[in-house]
Amino acid sequence: MKLVYPVELERGMAQMLVLLLAVHRRNPGFEAIAVEVFDGDRRLARHFRHLLESERLIDRGMLTPEGRAVLRMLELTQSPDAAPIPVDVASFPGFDPEDPAISSGERDRIVAAHEAFARGLRFRFIREPVVHDSAIKLVGLTLGGPIPFTRVIWSMEFKSDQMRDRMFRWLCLYVDRWEAWANLVIEEGATDFTEHLLKLRIAEESIDLG
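Per our numbering, the very first residue in the sequence shown carries number 5; after that it's consecutive.
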């Protein structure tokens with residue numbers, strides 16, 4: 005009988021939560037799962053997804069009622085040592101930000117709801133100019149001093165508001181990952197995070213060839 009140590013169990017539960025939320029909000033392919041959850045390991049991504057399917061937590065790319073119940077349980081019992089995923093983020097359904105069937109007004113309402121939710125997060129993306137250029141910034145609440153203050157830890161500039169808004173809508177799909185992404189910036193640097201976003205965008209468009 006193989007022993008499962010608490011650290012391994014905790015890591016597995018954290019990965020399961022990330023994966024269930026990804027399926028609930030984005031229904032990603034194996035390439036995107038591998039990049040976002042398993043450091044590019046497609047074999048491990050495939051194994052985890054098949055495991056959730058065999059346990060009837062996922063069916064035809066969607067969470068089952070059992071899957072939603074497990075997702076809720078994992079949301080509420082996260083380890084304080086893990087990168088916290090905001091409770092109730094699962095209440096925001098996934099959406100295709102470029103779906104032509106969604107009106108511009110509805111798209112704006114969805115994004116506004118995500119922005120309002122994100123105001124309660126420790127780290128969040130905002131649309132704010134850099135000098136005179138359109139930009140997106142990742143800002144975080146810095147603690148430890150006598151007065152907490154918000155600082156910018158990453159930013160990206162765009163040639164137009166339209167390009168910025170398109171990128172921001174995509175980032176809203178990943179609101180459950182913003183805390184983990186902020187930790188990536190802090191620990192590995194802004195360049196590594198930008199590279200991660202590029203890999204993820206490419207992985208989303210990859211054709212799964214097995």
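Ideal Cβ placement from N, Cα and C applies to all residues, glycine included.
Quick one: using the 10 Å Cβ neighbour count with 16 as the cut-off for buried, is aspartate 43 buried or exposed?
On the sequence shown, residue 43 is found 39 positions in, with the first residue counted as 1. Its Cβ having fewer than 16 others within 10 Å, aspartate 43 is exposed.
Bridge partners of leucine 145, per DSSP?
What you label residue 145 is simply residue 141 of the sequence shown in a count that begins at 1. The partner list for leucine 145 (beta bridge, DSSP) reads Thr154.
Rounded to the nearest angstrom, how far is the Cβ of leucine 142 from that of threonine 154, given a contact under 8 Å?
In the sequence shown, the residue the question calls residue 142 occupies position 138. In the sequence shown, the residue the question calls residue 154 occupies position 150. No, leucine 142 and threonine 154 are not in contact; Cβ-Cβ is about 11 Å, not under 8 Å.
Relative to the C-alpha of phenylalanine 238, which residue among Asp180, His136, Ile157 and Met167 is closest?
With the chain covering only 5 through 214, there is no way to say anything about residue 238.
Could you give the distance in angstroms between the alpha-carbon of glutamine 19 and the alpha-carbon of leucine 13?
Numbered from its first residue, the sequence shown carries residue 19 at position 15. Numbered from its first residue, the sequence shown carries residue 13 at position 9. About 10 Å.
If you draw a straight line from the alpha carbon of methionine 17 to that of histidine 136, how long is it in whole angstroms?
The count along the sequence shown starts at 1 and reaches residue 17 at position 13. The count along the sequence shown starts at 1 and reaches residue 136 at position 132. C-alpha separation (whole angstroms): 44 Å.
My output table needs one value for arginine 131: the three-state DSSP class, helix, strand or coil.
By 1-based counting over the sequence shown, the position of residue 131 is 127. Three-state result, arginine 131: strand.
Any contact between the region 22-34 and the region 69-78? By contact I mean 3 or more CB pairs, one from each, below 8 Å.
Yes: the two stretches touch, three or more of their Cβ pairs being nearer than 8 Å.
Does DSSP put alanine 139 in a helix, in a strand, or in coil?
Here residue 139 refers to the residue found at position 135 of the sequence shown. DSSP places alanine 139 in strand when its eight states are reduced to three.
Do leucine 23 and valine 41 have their beta-carbon atoms positioned less than 9 Å apart in this structure?
Within the sequence shown, numbered from 1, the residue matching residue 41 stands at position 37. Within the sequence shown, numbered from 1, the residue matching residue 23 stands at position 19. Result yes, Cβ atoms of valine 41 and leucine 23 sit closer than 9 Å.
Considering Cα atoms alone, identify which of Arg131, Gly33, Leu177 and Arg173 is closest to methionine 160.
Along the sequence shown, read from residue 1 onward, the residue named residue 160 stands at position 156. Of the candidates Arg131, Gly33, Leu177 and Arg173, the one whose C-alpha sits nearest the C-alpha of methionine 160 is Arg131.
Just to check my reading of the structure: phenylalanine 34 and arginine 60 have Cβ atoms closer than 8 Å, yes? What is that Cβ distance to the nearest angstrom?
As a first step, residue 34 must be located in the sequence shown, where it is residue number 30. As a first step, residue 60 must be located in the sequence shown, where it is residue number 56. Not really, about 20 Å apart at Cβ, beyond 8 Å.
Between which two residues does the alpha helix (DSSP H) holding phenylalanine 99 run?
If you number the sequence shown from 1, residue 99 lands on position 95. Neither: phenylalanine 99 is in no alpha helix (DSSP H) and is coded neither H nor E.
Which residues in the same chain as arginine 126 place their Cβ atom closer than 7 Å to its Cβ, once the five residues preceding and following it in sequence are excluded?
Here residue 126 is taken as the residue at index 122 of the sequence shown, counted from 1. So the qualifying residues of the chain are Gly144, Leu145 and Glu183.
Locate the alpha helix (DSSP H) running through proline 69, then write down its first and last residues.
Along the sequence shown, one-based indexing puts residue 69 at 65. Residues 69-80.
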